[in-house]
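The sequence shown begins at 19 in this note's numbering and counts up one residue at a time.
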Amino acid sequence: MADIHPTAIIDPTCEIADDVKIGPYCVVGPHVTLGKGCVLHNHVVIGGPSTFGECNEFFPFAVIGLKTQDLKYKGEPTFLEVGHHNVFRENCNINRSTSAETKTIIGNYNNFLINSHCGHEVVVGDHCILSGFAGVAGHCHIEDWAIISGFAALHQFVRVGKHAMVGGCARVGKDVPPFTIVEGHPATVRSINLVGMQRRGFTEDEIRAVKLCYKKLFLNKGCNQAGGLAAIEADERSGQNPCAKYMVDFVRSSERGCLQ
19 MADIHPTAII DPTCEIADDV KIGPYCVVGP HVTLGKGCVL HNHVVIGGPS
69 TFGECNEFFP FAVIGLKTQD LKYKGEPTFL EVGHHNVFRE NCNINRSTSA
119 ETKTIIGNYN NFLINSHCGH EVVVGDHCIL SGFAGVAGHC HIEDWAIISG
169 FAALHQFVRV GKHAMVGGCA RVGKDVPPFT IVEGHPATVR SINLVGMQRR
219 GFTEDEIRAV KLCYKKLFLN KGCNQAGGLA AIEADERSGQ NPCAKYMVDF
269 VRSSERGCLQ
């Protein structure tokens with residue numbers, strides 16, 4: 019049997035694994051599924067329809083899975099889908115989708131720090147960190163291993179590439195290229211995320227390929243973006259490296275345009 023404190027309020031439509039722990043004064047609303055090993059410490063509010071995988075941990079006053087704040091919402095059932103081993107710290111807030119045909123999706127092993135926010139239809143990959151007071155507007159897509167630093171603000175529909183880092187208090191209105199560090203108001207590309215790549219075991223060849231992309235796309239002021247992409251692909255040593263190809267594809271597929 020799940021360990022549920024007598025002061026907690028659990029909707030009868032919930033599906034709760036046998037080893038879930040729900041602390042004092044938590045409220046779990048209709049159509050919520052909590053997988054094995056989930057822990058709600060106290061004063062946590064979870065709304066549904068929403069599903070949570072295994073070993074997610076919720077700290078006091080986290081509010082997860084309530085209805086979207088989008089004014090277009092008309093009251094139909096909408097969804098939040100969360101993977102495994104995520105941590106939701108105090109006052110973290112994540113909304114369900116606006117449309118019944120879409121979902122807000124959170125992957126695995128993510129860390130949402132105090133007062134961080136993800137709006138409707140946001141997609142977060144795996145191993146991401148949203149630091150305190152980071153704000154992610156609706157429809158943003160944050161890819162694996164990205165870090166959004168404290169008080170950073172992401173405009174709707176922004177993409178953040180893998181292994182990118184958004185600096186504190188940054189205002190992000192365009193896509194953040196993978197493997198880069200961006201900061202500022204508005205944000206601009208400052209460097210590659212060299213320390214992050216080294217910590218995650220990237221090889222010298224992979225790092226060299228990313229440095230090539232950074233040089234051709236962000237340091238070569240006399241060359242436009244199309245010329246920079248062509249120069250990367252023409253480089254015999256690093257241009258065909260998977261990291262370079264991913265960075266080129268990311269920039270080419272950007273709908274909002276990438277930060278410079």
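In this text, a Cβ means the ideal position worked out from N, Cα and C, and glycines have one as well.
Looking only at its own chain, which residues have a Cβ that is under 7 Å from the Cβ of Glu-251, when we skip the five neighbours before and after it? Gly-257 and Val-266
Every unbroken beta strand (DSSP E) inside the stretch 28 to 106 [3 residues or more]: 50 to 52, 68 to 70, 81 to 84 and 97 to 100
Using DSSP with H/G/I as helix, E/B as strand and the rest coil, what is Lys-121? strand
If you draw a straight line from the C-alpha of His-157 to the C-alpha of His-181, how long is it? 20 Å
For Ala-170, I'd like the list of residues in its chain whose CB is within less than 6 Å of its CB, leaving aside the five on either flank, ordered along the chain. Ala-152, Val-184 and Ala-188
Going by DSSP, what residue range makes up the beta strand (DSSP E) through Lys-269? Before going further, note that residue 269 is Val rather than Lys in the sequence given. Run containing Val-269: none in the beta strand (DSSP E); it sits in the alpha helix (DSSP H), 260 to 271.
The beta strand (DSSP E) enclosing Gly-202, as first and last residue numbers: 198 to 202
CA-to-CA distance, Lys-234 to His-61, given in whole angstroms: 51 Å
Would you mind working out which of Phe-77, Asn-126, Lys-85 and Lys-39 sits nearest Ala-164, comparing C-alpha positions? Asn-126
Looking at the unbroken beta strand (DSSP E) that takes in Ala-205, where does it start and where does it end? 205 to 210
Would Val-207 and Phe-236 be called neighbours here (beta carbons separated by less than 7 Å)? yes
With Ile-112 as the anchor, note down where its beta strand (DSSP E) starts and where it stops. 111 to 113
With a threshold of 6 Å, establish whether the CB of Lys-229 neighbours any heavy atom of the ligand SAH. Annotation note on the ligand SAH: not contained in the displayed structure, which lists no ligands.
Measure the beta-carbon distance from Leu-17 to Phe-76 and round it to whole angstroms, keeping in mind my assumption that it falls under 8 Å. The requested residue 17 is not part of the displayed model; the chain covers only 19 to 278.
How big is the Cα-Cα spacing for Ala-205 and Asn-238? 19 Å
For Gly-101, which residues from the same chain have a beta carbon less than 7 Å from its beta carbon, with the 5 sequence-adjacent residues on both sides left out? Gly-71, Ile-124, Gly-125 and Asn-126
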